[in-house]
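Protein chains in written order, with numbering that gives the first Met the number 0: chain A, 0 to 387; chain B, 0 to 384; chain C, 0 to 170. All C-beta atoms in this analysis are idealised placements derived from N, C-alpha and C, irrespective of residue type, glycine included. Given the structure is predicted, the values throughout are model-derived calculations rather than measurements. Please read the structure below before turning to the comments.
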Amino acid sequence: MFGKKRVAIVGAGVTLFRRNLKETGKELSFHAAKMALEQAGMELRDIQSVVMGTAPDAFDGVHMKGEYLADGAGAYHKPYTRVFVGGGTGVFAPLAGWWHVASGKFDTCLVVCEEKMSSCYPHPQYAFTTIFDPILERPIGMNLIWIFALEMNRYMHKHNIKKEDIALVSVKNKRNALDNPIAQLAANITVEDVLNSEIMAWPVQRLDVSPTSDGAAAAVLVSEDIAKEVTDNPVWIDGVGWCIDSTYWTDRDLYYPDYVEYAARMAYKMAGIKNPPKEIDVAEPYDPFDYKELHHMEGLLLCKKGEAPKLTREGVTQRDGDLPTCPSGGLLGCGNPIAAAGMMKVCEIFWQLRGEAGKRQVPGDPRTGVAQAWGDLMQYGSVIVLRR
Amino acid sequence: MSEVAIVGVGCVGFRPITPELSYKELMFEAAVKAYEDAGGINPREDVDVFVTCAEDYLEGFSIFDEFVPDQLGAALRHLLTVSGDGMLGLATAYMLIKTGYFDTVVVEAHSKASDILTYMDIVQFGLDPIFNRPLGGHPYYIAGLEMNRYLHETGTTEEQCAEVVVKNKKNAVLNPHAAYGANITLNQVMCSERLFHPLKKLEISTPADGCIVLVLASEKVAEKLTDKPVWVKGVGWCTETPSLETRDWTRAVYTRLAAEMAYKEAKISNPWRDIDFAEIHDVFAYKELQHMEALKLCDYGTAGKLTEDGLTALDGELPVNPSGGLLGMGYGLEASGLQKVLEVVLQLRGEAGARQVEDAQVGLAHTWRGIPTATGAVAVLSNVK
Amino acid sequence: MSVKIKHYPGEEVETKDFREGKVLFESFRPKAKYAWSAGIAISRFLEELKNGRIIATTCSKCGRIMVPPRIYCEKCFKPTDGWTYVKDTGVINTFSVSFIAADASRLKEPIVVAIINLDGASEGMGIVHRIEEYGDWREIKIGMRVKAVWKPPEERTGAITDIKYFKLVKE
């Protein structure tokens, strides 16, 4: 690491996640940013740069919504950049914050992620009809659930995985969310509840899916010198990774996310992690659908290909298991305000490593955690490794 | 920490329309040129990070990031999208290399303005949905508001603004990358239709299609790839406020703050003396003058007079927009910033042909994200390390 | 979600609050219209669909036959070298049976959509399209063979929908 700069997270904030919140996107951004600053014991004037993470403009209904959100996010009179890598944005935004500080260009960076999906009428899902190729795919009538269903079916087929095993993820995460004060869909449900829920696009059923939500999350990133000044327990960003696969998603075998593996390898290399299952104490893989948690555990090299359902069945991924996975309740339990949801995962790892997660705290004094998000057309992986 | 250099540039366009190529094919062509220009690098192996700069509604997609990797050689590699002007992409590449983890970073931005059938409606869709959008009207009234206040506060004349158009379109005649070069007279500009008083039709640049790809590298890689590296001496960027109600309507505060950041890094104490030529965002003619002042290239309120006196002409003391600017090249939307950077690179390499500025060592590139934003960026580039 | 934080901001409202005017809002429908240039590769692809054929491009370096066609090979990053027809038959790579529409409303009849790996293209190369004439959707399996059902020539417009759908075919 000689000559390279370390970057710490010293404060995090998050709003409630709900189907409809009265606050505007600017107001949600403000709340999350303010909380992160307070937790860091800092003020906006201490912040030298701001990064915004937020998903399609079509949700908020404003072209260039990064610009629109700027003052809410604390960017007034500051260098401000919005990064956007689809659903991967929430974990990607703190990576952008990392290079603002690791470059030596700034000592501090406020990273804010916001999503106000409820503004999109009649349903936020409608915004997703324009993520497809306008000439080859939109005329078929593509929608978002379809591609998840195509991927889930392929994953199940390739490894001969049963829906019962996948449903366990939804059961676990919604139960974990009972201990999360921001959660939108915390519940005690059973595998049967998932299997009996409405079929949306086979094999995807209602309870396999996270909801649409409003919400925001934020974190304060600082250089090593500042971290020593403001806190006794900084959490270090020791690895960052990201990767995009080809646009031609119909030309790939969807059973395995190569792009997540490549992103994870990049982050692990930087963090010096050689044996991820052994060295990682807590994980927040992206779980907008229950099978996605499994898919991403495999991509993150936390287990072998096709092995994640078995680990889940054996309880390894429970909060008190060997590899606690989505202790926050994930997107399935907390809700999915897209960029804010990914950032919430980073905040959860931050709090877990600081021992501040209360009822959600995973045992064993965790030292290393990983958060990951997925995005685009079954295509994008963003990974962050945090250490105490 | 390593210095950062631009080691390759590729440009397609700018042209009023490009119906023969898809946006992907436009990007492919520019990328191939840039990689060749950077000593023939292979993007599948030699590039650490790719940065594209795009806004969804300018492309007609909800997540445009999906559609960019293949044509840049970035499939299964490390790519990201900045929702912003290309110069924010340059700033991102600069920071990435400065971390010490990455040696070669590619930046791409393009305009396929001719694919957008309702461009002004999209611009309007960028206005605050509660306060401003319900008032209706063509969104460029905001430029009229600003120009009027600027003239009122500074005493700059309408004729002085019109001089910018005459100069830039004339420079563009010499630029093969320019779509709208012309020899026109001051009178023609002054007599063109008054669209958003006091802003006139010929003072508004017309969108054009094109794509620009840059290759940036760390010091040790740059010197292997090229004999003519162009060093990034300083970058700055800033957002003033999205609010129309509370912004400064005369001084382009976003540009002032961005310039201060870039100058500090580049150790520029006297911009007029230290900078040999400048490429300044001129989507509206008055903006060139307002931005010159915000960039501290001259005193507040004096840019009009300097322009009138010919000091910013190609053979003047401080040539401004030798490329022809956006008025002459065409408005490349999110590629605007890279249009500016491209010209500065060509000038500093001595490859600007008939519009070459003599003995240029330090050039300035500046951009603004357009209506309705108050966001801008500045880069100081030099052919001397 | 830290023990140090006692209150999480956010005021929840119900959808009916909007209907009942308890929450004020402003509506706007953006006028966002585009005419995307299809470009060199996809223009040719669409013209051939009009002729009832599916065309691919080839790369001499990696040897792939690629569909949808493109003018560059994304793996080798070089221009593709030639054009070749592939068949309008193939295998279901994966499929889904959709019971909801894009706005999340229920459909009367489900839509079956599949990724189809086309015969004659390189392994795994496919397009996304609909499946019809399948009988009971529970009988559809990954790996089944399908064939394109085309619109009559006079109705074709040079669009992906010149193929109406793919239908299951017996081995």
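>> By the 8 Å beta-carbon criterion, what residues does the stretch 11-41 of chain C contribute toward chain B?
In response: Of all residues in the stretch 11-41 of chain C, GLU25, PHE27, PRO29, LYS30, ALA31, LYS32, TYR33, ALA34, TRP35, SER36, ALA37, GLY38, ILE39, ALA40, ILE41 have a Cβ within less than 8 Å of some Cβ in chain B.
> Which two residues bound the contiguous beta strand (DSSP E) that contains ASP208 (chain B)?
Replying inline: Counting along the chain, the beta strand (DSSP E) containing ASP208 (chain B) begins and ends at 208-217.
>> Rounded to the nearest angstrom, what separates ALA95 (chain A) and VAL81 (chain B) at their Cα positions?
In response: When rounded, the distance between both Cα atoms is 10 Å.
> Is the Cβ of PHE76 (chain C) closer than 8 Å to any Cβ of chain B?
Replying inline: Any Cβ of chain B closer than 8 Å to the Cβ of PHE76 (chain C) would place that residue at the interface, and such an atom is present.
> In or out: MET119 (chain B) buried (at least 16 other Cβ within 10 Å) or exposed?
Replying inline: Exposed: under 16 other Cβ atoms inside 10 Å.
>> Here's a check: name, in chain order, each residue in its chain whose Cβ is nearer than 7 Å to the Cβ of ARG5 (chain A), leaving out the five neighbours to either side.
In response: Within its own chain, the residues whose Cβ lies closer than 7 Å to the Cβ of ARG5 (chain A), once the five positions on either side in sequence are excluded, are GLU223, TRP235, listed in chain order.
>> Using the Cβ count rule (16 or more neighbours within 10 Å means buried), how would you classify THR430 (chain A)?
In response: No answer is possible for residue 430 (chain A): the residues shown for chain A start at 0 and end at 387.
>> Considering only their Cβ atoms, is the gap separating MET377 (chain A) from GLU136 (chain A) smaller than 8 Å?
In response: Here GLU136 (chain A) is not near MET377 (chain A), since their CB atoms are 8 Å or more apart.
> Between which two residues does the alpha helix (DSSP H) containing ARG148 (chain B) stretch?
Replying inline: Start and end: 140-153.
> So with Cβ pairs under 8 Å, would you call ALA148 (chain A) a contact of chain C?
Replying inline: Closer than 8 Å: yes.
>> Assess contact between the stretch 79-93 of chain B and the stretch 107-114 of chain B, defined as three or more Cβ pairs (one per stretch) separated by less than 8 Å. Is contact present?
In response: They touch, by the three-pair rule.
> Within the 8 Å Cβ cut-off, does GLU122 (chain C) reach chain B?
Replying inline: Answer no: the Cβ-Cβ gap between GLU122 (chain C) and chain B never drops below 8 Å.
>> Could you tell me the alpha carbon to alpha carbon distance between SER1 (chain C) and ALA31 (chain A), rounded to whole angstroms?
In response: In a straight line, the C-alpha of SER1 (chain C) is about 13 Å away from that of ALA31 (chain A).
> alpha helix (DSSP H) containing LYS232 (chain B): first to last residue?
Replying inline: For LYS232 (chain B), there is no enclosing alpha helix (DSSP H); the enclosing beta strand (DSSP E) has its first and last residue at 229-238.
> In chain F, which residues lie with their C-beta within 7 Å of the C-beta of GLU24 (chain B)?
Replying inline: Protein chains A, B and C are contained in the structure displayed, whereas chain F is not.
>> Once the 5 residues before and after MET0 (chain A) are set aside, which same chain residues still bring their CB inside 7 Å of it?
In response: Model confidence at MET0 (chain A) stands at a pLDDT of 42, short of 50, so the residue's coordinates are unreliable; what they give is reported in the following sentence. Excluding residues within five positions, none has a Cβ falling inside 7 Å.
>> DSSP has GLN204 (chain A) in a bridge; who is on the other side?
In response: For GLN204 (chain A), DSSP records a beta bridge to A:ILE198.
>> So GLN38 (chain A) contacts chain C; which residues on that side make the cut at Cβ distance below 9 Å?
In response: Chain C residues near GLN38 (chain A): SER1, LYS3, ILE4.
> Can you name the residues of chain B whose CB is closer than 7 Å to the CB of GLU47 (chain C)?
Replying inline: In chain order: nothing, as chain B lies at least about 17 Å away.
> Which two residues bound the contiguous alpha helix (DSSP H) that contains ARG255 (chain B)?
Replying inline: Residues 252-265.
> Where PHE283 (chain B) and ILE203 (chain B) are concerned, what is the direct C-alpha to C-alpha distance, given to the nearest angstrom?
Replying inline: Rounded to whole angstroms, PHE283 (chain B) to ILE203 (chain B) spans 5 Å at the Cα level.
> Which class does GLU292 (chain A) belong to by DSSP, given the choice of helix, strand or coil?
Replying inline: The three-state secondary structure of GLU292 (chain A), taken from DSSP, is helix.
>> Rounding to the nearest angstrom, what Cα-Cα distance links PRO93 (chain A) and ALA218 (chain A) in this structure?
In response: Rounded to the nearest whole angstrom, the C-alpha separation of PRO93 (chain A) and ALA218 (chain A) is 8 Å.
>> Once DSSP output is grouped into helix, strand and coil, what is the label at ALA53 (chain B)?
In response: Look at ALA53 (chain B) here: in three-state DSSP terms it is coil, with no helix or strand label.
>> For VAL112 (chain C) and ILE134 (chain A), which I take to be in contact (beta-carbon distance under 8 Å), what is that distance rounded to the nearest angstrom?
In response: Rounded, the Cβ-Cβ distance is 17 Å, inconsistent with contact.
> CA-CA distance, ARG193 (chain B) and TRP248 (chain B)?
Replying inline: Rounded to whole angstroms, ARG193 (chain B) to TRP248 (chain B) spans 20 Å at the Cα level.
> ILE405 (chain A) to PRO109 (chain C), Cα distance in whole Å?
Replying inline: Chain A is shown only over 0 to 387; residue 405 (chain A) falls outside these bounds and no answer can be derived.
> Counting contacts by CB-CB distance shorter than 8 Å, is TYR255 (chain A) in contact with chain C?
Replying inline: Any Cβ of chain C closer than 8 Å to the Cβ of TYR255 (chain A) would place that residue at the interface, and such an atom is absent.
> Is there contact between the stretch 272-290 of chain B and the stretch 364-374 of chain B, where contact requires at least three CB pairs shorter than 8 Å?
Replying inline: Yes: the two stretches touch, three or more of their Cβ pairs being nearer than 8 Å.
> So what does DSSP say about GLU355 (chain A), is it helix, strand or coil?
Replying inline: Look at GLU355 (chain A) here: in three-state DSSP terms it is coil, with no helix or strand label.
>> Give me the chain A residues within the contact set of ILE141 (chain C), using Cβ-Cβ distance strictly less than 8 Å, ordered along the chain.
In response: Under the 8 Å cutoff, chain A gives ASN152, ARG153, HIS156.
>> What does the Cβ neighbour count give for ARG366 (chain A), buried or exposed, with the cut at 16 atoms within 10 Å?
In response: Exposed, since its Cβ has fewer than 16 Cβ neighbours within 10 Å.
> What residue from B:ALA221, B:GLY235, B:THR240 has the CA that sits closest to VAL46 (chain B)'s CA?
Replying inline: It is B:ALA221.
> Quick one: which chain C residues come within Cβ less than 7 Å of GLN70 (chain B)?
Replying inline: Neighbourhood of GLN70 (chain B) in chain C, by CB distance below 7 Å: TYR71, in chain order.
> Are the stretch 294-314 of chain B and the stretch 163-172 of chain B touching by the rule of at least three beta carbon pairs closer than 8 Å?
Replying inline: Touching, yes.
>> In this structure, how does DSSP classify CYS119 (chain A) when only helix, strand and coil are distinguished?
In response: DSSP places CYS119 (chain A) in coil when its eight states are reduced to three.
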